[in-house]
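Following: one structure in structure tokens, then a few remarks.
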Amino acid sequence: MPALLALGLVAAAALCVLLGLLTYVVDRASAMRQAENLHEVPAVTVVQPFAAGVGVRIATVDWIDAGGRHAAQARVSASTGLGDHVVIWVDRNDVPQTPPTGAAQSAGTAVAYAVASFAGAATLLVGGHAWARYALNKRVERSWEEEWTLVEPEWSRWGRRG
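Numbering (our numbering), first residue to last: 1422 to 1583.
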């Protein structure tokens, strides 16, 4: 039975690695599609950035491109201050967008999914193994008790004679 558990854990690990790789590939493809419709522009913050959530700051930025001068609110890093030069991602209509997911973030997400999936699978496999051992032990115990009820009177009588 431990061999089956080990085999199950190895199979679960392999499947979880495949899940992680698939997650990474799909996430990178999505980021590439998103990047096709966006482009980077250099901008300058013209208003002091303000907090808009945990680790998120919003600033009014100004930039110039072939279409002229633009101003809009965009997400900036937490260390950005007034007058800092930043790079933002905009769509074809010069509307700031969130940047495409980076490779490191895609890899982190894939690893997290794979590890969480393996933890769940391992929990189920180990729990199933423990339940099967318990059930088999109970069955063997009942079998011993049934056999003892048949044999015990004979052995007790034999033990009293001698």
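We put the beta carbon where it would ideally sit given N, CA and C, even for glycine.
Legend entry - N-terminal and C-terminal residue of the beta strand (DSSP E) that residue 1495 is part of: Counting from 1 along the sequence shown, the entry for residue 1495 is found at position 74. From DSSP, the beta strand (DSSP E) with residue 1495 extends over 1489-1497.
Legend entry - Between the CA atoms of residue 1501 and residue 1465 - distance to the nearest angstrom: Your numbering for residue 1465 matches position 44 in the sequence shown. Your numbering for residue 1501 matches position 80 in the sequence shown. Residue 1465 and residue 1501: Cα-Cα distance of roughly 10 Å.
Inset, instruction - Just grab the DSSP bridge partners of residue 1508 for me. - result: Here the question's residue 1508 lines up with position 87 in the sequence shown. Paired residues: 1463.
Inset, instruction - Give every residue of the same chain whose Cβ lies closer than 7 Å to the Cβ of residue 1434, excluding the five residues on either side of it in the sequence, and list them in chain order. - result: For the purposes of this step, residue 1434 is taken as residue 13 along the sequence shown, with counting starting at 1. 1539, listed in sequence order.
Legend entry - Close beta carbons around residue 1467, own chain, < 6 Å, minus the five adjacent residues each side: To locate residue 1467, count along the sequence shown from 1; it is residue 46. Residues of the same chain with a CB within less than 6 Å of the CB of residue 1467, apart from the 5 flanking positions on each side, are 1481, 1483 in chain order.
Inset, instruction - Spatial neighbours of residue 1505 within its chain, please: CB distance less than 6 Å, with the 5 preceding and 5 following residues excluded, ordered by chain position. - result: The sequence position of residue 1505 within the sequence shown is 84, counting from 1. For residue 1505, where only same-chain residues beyond five positions count, the Cβ hits under 6 Å are 1466.
Legend entry - Residue nearest to residue 1498 in terms of C-alpha spacing, selected from 1473, 1541, 1460: Here residue 1498 corresponds to residue number 77 of the sequence shown, with the count starting at 1. The shortest Cα separation from residue 1498 among 1473, 1541, 1460 belongs to 1473.
Inset, instruction - Measure the C-alpha to C-alpha separation of residue 1545 and residue 1453 and round it to an integer number of angstroms. - result: Looking up residue 1545 in the sequence shown gives position 124. Looking up residue 1453 in the sequence shown gives position 32. When rounded, the distance between both Cα atoms is 36 Å.
Inset, instruction - Using a Cβ-Cβ cut-off of 7 Å, state whether residue 1508 counts as contacting chain D. - result: You won't find chain D in this structure, because it holds only one protein chain.
Legend entry - Whole-Å CB distance - residue 1490 paired with residue 1479, under 8 Å assumed: Numbered from 1 along the sequence shown, position 69 holds the residue referred to as residue 1490. Numbered from 1 along the sequence shown, position 58 holds the residue referred to as residue 1479. 20 Å between Cβ atoms; not a contact.
Legend entry - Counted within 10 angstroms of its Cβ, other Cβ atoms place residue 1511 as buried (16 or more) or exposed: Looking up residue 1511 in the sequence shown gives position 90. Residue 1511 should be labelled buried.
Inset, instruction - Have a look at residue 1530 and residue 1445 and give me their C-alpha separation to the nearest angstrom. - result: By one-based count along the sequence shown, residue 1530 stands at place 109. By one-based count along the sequence shown, residue 1445 stands at place 24. Distance between the alpha carbons of residue 1530 and residue 1445 is about 7 Å.
Legend entry - Integer Cβ distance of residue 1462 from residue 1486, believed to fall under 8 Å: Looking up residue 1462 in the sequence shown gives position 41. Looking up residue 1486 in the sequence shown gives position 65. Indeed they touch by this definition, with Cβ atoms about 6 Å apart.
Legend entry - Proximity to residue 1460 [Cα-Cα], best of 1425, 1477, 1514, 1566: Walking along the sequence shown from the start, residue 1460 turns up at place 39. Checked all of 1425, 1477, 1514, 1566; the closest Cα to residue 1460 is 1514.
Inset, instruction - Measure the alpha-carbon distance for residue 1569 versus residue 1422 and round it to whole angstroms. - result: Stepping through the sequence shown from its first residue, residue 1569 is reached at position 148. Stepping through the sequence shown from its first residue, residue 1422 is reached at position 1. Rounded to the nearest angstrom, the two C-alpha atoms are 27 Å apart.
Legend entry - Spatial distance of residue 1457 from residue 1431 (CA atoms): Mapped onto the sequence shown, residue 1457 falls at position 36. Mapped onto the sequence shown, residue 1431 falls at position 10. C-alpha separation (whole angstroms): 39 Å.
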